[in-house]
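Since the structure comes first, as structure tokens, the remarks are kept for the end.
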Amino acid sequence: MTADGIVGEFLALKAETDADLLAMQCGDFYEFFAEDAEFVGDELDLKVSEKSSHGSTYPMAGVPVDDLTPYLKALVERGYRVAVADQYETDDGHAREITRIVTPGTLLETTDPTAQFLAAVVDVDDRYGLALADVTTGEFLVTTTASAAEVEAELHRFDPAEVLPGPTVRDDALLDRGETTAPVIDYDDAAFAPGRAERRLRDHFGAGALDSVGLADRAGVAAAGAVLAYVEETGVGVLDALTRLGTYDTGDHLDLDATTQRNLELTETMHGEREGSLLATVDHTVTSAGGRRLREWLTRPRRDRDVIDRRIDSVAALVEAALARDRVREVLDDAYDLERLAARATSGSADATDLLSIRDTLDVLPALGEAVADSRLEDSPLPAIVDRPNRERAASLRAELDAALAPDPPGTVTEGGLFQRGYDDELDDLIDRYEAAREWLDGLADREKARTGITHLQVDRNKTDGYYIQVGNSETDAVPESYREIKTLKNSKRYTTDELAEREREVLRLEEARGDLEYDLFCELRERVADHTELLQDVGRTLATVDALASLATHAASHDWTRPEVVAPGPLVVEAGRHPVVETTTDFVPNDLHLDTDRGFLLVTGPNMSGKSTYMRQAALITLLAQAGSFVPARAATVGVVDGIYTRVGALDELAGGRSTFMVEMEELSNILHSATEESLVVLDEVGRGTATYDGISIAWATTEYIHNEVGCKCLFATHYHELTTLADHLPRVENVHVAVAGDGGDDGDITFLRTVEDGPTDRSYGVHVADLAGVPDPVVERSRDVLDRLREDRAIEARGAGTSDGTTQAVFDLGSGDFQRTEEDDEEPLDPATESVLAELQETSVAETSPVDLMARVREWQGRLDGEE
Ligand code: ADP
Numbered sequence: 021m022t023a024d025g026i027v028g029e030f031l032a033l034k035a036e037t038d039a040d041l042l043a044m045q046c047g048d049f050y051e052f053f054a055e056d057a058e059f060v061g062d063e064l065d066l067k068v069s070e071k072s073s074h075g076s077t078y079p080m081a082g083v084p085v086d087d088l089t090p091y092l093k094a095l096v097e098r099g100y101r102v103a104v105a106d107q108y109e110t111d112d113g114h115a116r117e118i119t120r121i122v123t124p125g126t127l128l129e130t131t132d133p134t135a136q137f138l139a140a141v142v143d144v145d146d147r148y149g150l151a152l153a154d155v156t157t158g159e160f161l162v163t164t165t166a167s168a169a170e171v172e173a174e175l176h177r178f179d180p181a182e183v184l185p186g187p188t189v190r191d192d193a194l195l196d197r198g199e200t201t202a203p204v205i206d207y208d209d210a211a212f213a214p215g216r217a218e219r220r221l222r223d224h225f226g227a228g229a230l231d232s233v234g235l236a237d238r239a240g241v242a243a244a245g246a247v248l249a250y251v252e253e254t255g256v257g258v259l260d261a262l263t264r265l266g267t268y269d270t271g272d273h274l275d276l277d278a279t280t281q282r283n284l285e286l287t288e289t290m291h292g293e294r295e296g297s298l299l300a301t302v303d304h305t306v307t308s309a310g311g312r313r314l315r316e317w318l319t320r321p322r323r324d325r326d327v328i329d330r331r332i333d334s335v336a337a338l339v340e341a342a343l344a345r346d347r348v349r350e351v352l353d354d355a356y357d358l359e360r361l362a363a364r365a366t367s368g369s370a371d372a373t374d375l376l377s378i379r380d381t382l383d384v385l386p387a388l389g390e391a392v393a394d395s396r397l398e399d400s401p402l403p404a405i406v407d408r409p410n411r412e413r414a415a416s417l418r419a420e421l422d423a424a425l426a427p428d429p430p431g432t433v434t435e436g437g438l439f440q441r442g443y444d445d446e447l448d449d450l451i452d453r454y455e456a457a458r459e460w461l462d463g464l465a466d467r468e469k470a471r472t473g474i475t476h477l478q479v480d481r482n483k484t485d486g487y488y489i490q491v492g493n494s495e496t497d498a499v500p501e502s503y504r505e506i507k508t509l510k511n512s513k514r515y516t517t518d519e520l521a522e523r524e525r526e527v528l529r530l531e532e533a534r535g536d537l538e539y540d541l542f543c544e545l546r547e548r549v550a551d552h553t554e555l556l557q558d559v560g561r562t563l564a565t566v567d568a569l570a571s572l573a574t575h576a577a578s579h580d581w582t583r584p585e586v587v588a589p590g591p592l593v594v595e596a597g598r599h600p601v602v603e604t605t606t607d608f609v610p611n612d613l614h615l616d617t618d619r620g621f622l623l624v625t626g627p628n629m630s631g632k633s634t635y636m637r638q639a640a641l642i643t644l645l646a647q648a649g650s651f652v653p654a655r656a657a658t659v660g661v662v663d664g665i666y667t668r669v670g671a672l673d674e675l676a677g678g679r680s681t682f683m684v685e686m687e688e689l690s691n692i693l694h695s696a697t698e699e700s701l702v703v704l705d706e707v708g709r710g711t712a713t714y715d716g717i718s719i720a721w722a723t724t725e726y727i728h729n730e731v732g733c734k735c736l737f738a739t740h741y742h743e744l745t746t747l748a749d750h751l752p753r754v755e756n757v758h759v760a761v762a763g764d765g766g767d768d769g770d771i772t773f774l775r776t777v778e779d780g781p782t783d784r785s786y787g788v789h790v791a792d793l794a795g796v797p798d799p800v801v802e803r804s805r806d807v808l809d810r811l812r813e814d815r816a817i818e819a820r821g822a823g824t825s826d827g828t829t830q831a832v833f834d835l836g837s838g839d840f841q842r843t844e845e846d847d848e849e850p851l852d853p854a855t856e857s858v859l860a861e862l863q864e865t866s867v868a869e870t871s872p873v874d875l876m877a878r879v880r881e882w883q884g885r886l887d888g889e890e
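Here this note's numbering is used: the first residue of the sequence shown is 21, the next is one more, and so on.
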């Protein structure tokens, strides 16, 4: 079916773009047709009607031109890309063309306070380039690496809103494993070509920019160039917001692979909720920019001591100075999101209220300066942080905005009313004349009443009639000749006069001139603000940084956290440590931890649910918090800086991408064993659990040896393979610790979790106990205990026949050979335990190694036992 007319034009434009949806301007509306209409009807609850066009009917849904933005935002935030075709006048009527494509990574009007990164990933000469641009704040970061795992980790960490993979990485599993849920766009191959990308970067950032930020790697250049090209092509006017190109080295940051970020529940829980994550727990920021900064710190802790120390020094000062801290947070509470406002000014979408928000936020800077001048903060890094942006320029921009803008400007920028008197002479003159004309109009009714004696007379204005004089029907006979009737209503008539018409034209002319002039003046002002983008970003970053520091201090003070002693490199020694999240919801039992060069590998044993995972995550989180620059939940802590934290925690039951859980477990293990260095911290929870016992034990055993002998890093390894605990006797750096329980878990099965961690292995495993707790039927629990005892004593399990309530043994599974053996007593009465034990001892007795006297004594004892004596 081909369509003509308006729908045909819509479909033709739609075919031109790879956007998911098209909104096409038709006069005062943007319309969606055909499938797109049905789609937006469903998604946004828009009314869908039928449009007839050349004999066919099509679904149609539309929104008024001025209301498009919220609808676009709603669609884009759901992950769709929407093309917008605008209508423009031509000599013979009008035409339409696509002017912009609004996409998740280029949406400036987002209401989501978290960073909105547009990411490009390419692979050139065996290196990956990753570029990340947040058009809402102007942040633009580029990095290169040879490791795919690092790209995955970065994607997970930045959690982009939209991803552009280069031509050679499109089919890579990389994007899946980075677990981005963002739309992945196959963008123009040519944009990724390094030569073209480089030219584009030089055009945009200036010829010297690449050298000054040290971006030499072709992969990084290709990724950054593609991001720029895409932002330009979508045409939403945000290109200019990208003012600063920055490179970063993944080596400055703690290595946290995607799995570890997830396992440690940094920004969301395993169930995907923000509540219960580390970030949600420690986030007391009062601004959205501060929240973004804190998220960045927690997901990208540092390796370099000076940055870590500076942050901890600031936090420490703010912890001590409670009043000054409250004051700092109170002052920051008045700040708006300056980085985002700056981007709106640059892209030309800021209105007068936005500029006023900029003015008010610039005011926060000196107030913050006063707040940190407090004597208890004086010696901390805070005064220097607040002093970093150019305060004089900030003050003069603030003064300029203050002198320019009316205190309560309207929401549009085209209708005047934006500026204060005294800002511009020409504008003042226009306003004077306009007000004089208005005054004449305002006084007209009274003057006419007095002149004509008519009492029911009023002067008003509406859209169709313009200004008019309205006279009640009872007095229309008295109207002067100069009145020209323009409309008859039920109870009155409307008139105009030559003079009124003349004044009306003047008012309209002045109104229009005022609107135009104010619009021009506003654009100039906005451009001058945009010229200060870097200053505004500086101030925005400073406020965000102080907010994040104050947030960490607030949490530390209210939860009795302590200042970690950060050493590089060094041990991890924690006294009375707690888990930062679990401690907020339970009565937490604090634990000690000691990992150093002589004792670098702890095998953690204890019953299920006793607290092994919590203990190990706590160690990882205390390290991570310290390297983020925070206080830590402990009485005292010494934290040796690590280069990476790698975890493999808990066997998740779901299948990941068709791979078995065990396969995923082994991939994670493989990644850890490849990536970890002597300076890393590795946390392993139950490696090898997903396979048969013998395989599992073997893998766990070999992993322990490898980490101990080859990697040499700090490691915590929880295992239910009790057998592993003997490794501590043979490997010098391996030590056992266990989570203590009270009660023996024996026949009555009762144990109490004490949650304290003590040296030495647990004396037994408690799986059967947990089965009991979980309500597994009694016969099964009891039989499990029997089997367990036999396994411990004889390394064999006998299989029992069905229906043999007396427990007739049918076969024995021998752990040594891994085979079933038919028992000789298959059809006979079972032996009593005394006979059985005598036979066993008889079999084990070595005649050659036993003296005749001993042999005689033994035989006598056996005989006695067989006769039923004790
Ligand atoms: P495991 O890894 O041994 O199976 P978990 O670490 O998952 O055990 O802990 C089991 C439960 O005990 C969790 O609900 C946790 O919140 C709680 N828990 C763990 N450690 C402590 C502690 N030190 N104090 C209080 N509760 C704890």
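The beta carbon of each residue, even a glycine, is placed where N, CA and C say it ideally should be.
Values in this document were obtained by computation on a predicted structure and should not be read as measured data.
Status (buried if at least 16 other CB within 10 Å, exposed otherwise) for residue i
i, result
"Gly765", "At Gly765, the pLDDT of 49 sits below 50, so the modelled position is not reliable; the number obtained from the coordinates is stated separately. With 16 or more other Cβ atoms within 10 Å, it is buried."
"Tyr714", "exposed"
"Tyr108", "exposed"
"Tyr726", "exposed"
"Met44", "buried"
"Arg294", "exposed"
"Asn511", "exposed"
"His74", "exposed"
Rounded separation between residue i and residue j - CA only
i, j, result
"Thr562", "His575", "20 Å"
"Arg345", "Ser369", "35 Å"
"Glu595", "Val566", "29 Å"
"Ala393", "Asp329", "20 Å"
"Leu286", "Ala300", "9 Å"
"Ala917", "Gln863", "Given that the chain is displayed from residue 21 to residue 890, the structure contains no residue 917 and the question cannot be resolved."
"Asn611", "Gly296", "21 Å"
"Ile665", "Ser690", "15 Å"
"His273", "Leu425", "44 Å"
"Leu33", "Ala105", "8 Å"
"Asp480", "Thr434", "23 Å"
"His579", "Pro653", "8 Å"
"Asp231", "Ala656", "45 Å"
"Glu845", "Ala748", "Residue confidence is low: Glu845 scores 48 on pLDDT, short of 50, so the model does not pin down where it sits. No coordinate-derived value is stated."
"Glu755", "Thr745", "8 Å"
"Pro872", "Arg885", "20 Å"
DSSP three-state assignment for residue i, whether helix, strand or coil
i, result
"Tyr50", "strand"
"Gly677", "Confidence is the limiting factor: at Gly677 the pLDDT is only 46, short of 50, which leaves the residue's position unreliable, though a coordinate-based value still follows. The answer is coil: DSSP assigns Gly677 none of H, G, I, E or B."
"Gln440", "coil"
"Ser571", "helix"
"Thr824", "Because Thr824 sits at a pLDDT of 45, beneath the cut-off of 50, its placement in the model cannot be relied upon, and the following sentence gives the value as read from the coordinates. Three-state DSSP puts Thr824 in coil, outside helix and strand."
"Leu276", "strand"
"Lys632", "helix"
"Ala588", "coil"
"Leu509", "coil"
"Tyr250", "helix"
"Glu455", "helix"
"Phe737", "strand"
Assumed close pair residue i, residue j - CB separation to whole angstroms, cut-off 8 Å
i, j, result
"Phe137", "Arg264", "Not quite, the Cβ-Cβ distance comes to about 15 Å (not below 8 Å), so this is no contact."
"Ala153", "Val251", "7 Å"
"Gly186", "Thr164", "Not really, about 13 Å apart at Cβ, beyond 8 Å."
Query - the stretch 569–587 in contact with the stretch 322–341 per 3-pair CB rule at 8 Å - result: Three or more beta-carbon pairs separated by less than 8 Å link the stretch 569–587 to the stretch 322–341, which places the two stretches in contact.
**Report entry** Cβ contact (3+ pairs, closer than 8 Å) linking the stretch 64–72 and the stretch 36–47
**Finding:** In this structure the stretch 64–72 does not lie against the stretch 36–47, because fewer than three pairs of beta carbons, one per stretch, are closer than 8 Å.
Requested in this report: May I ask you to verify whether the stretch 306–325 touches the stretch 524–539, counting CB pairs closer than 8 Å and requiring at least 3?
Outcome: Contact fails: fewer than three Cβ-Cβ distances are below 8 Å.
Report task. Would you be able to state if there are at least three C-beta pairs under 8 Å between the stretch 443–460 and the stretch 537–544? Result -> Because the criterion of three Cβ pairs below 8 Å is met, the stretch 537–544 and the stretch 443–460 touch.
Query raised in the report: For the stretch 580–593 against the stretch 622–630, are there 3 or more C-beta pairs whose distance is under 8 Å?
Result: Too few Cβ pairs lie closer than 8 Å, so no.
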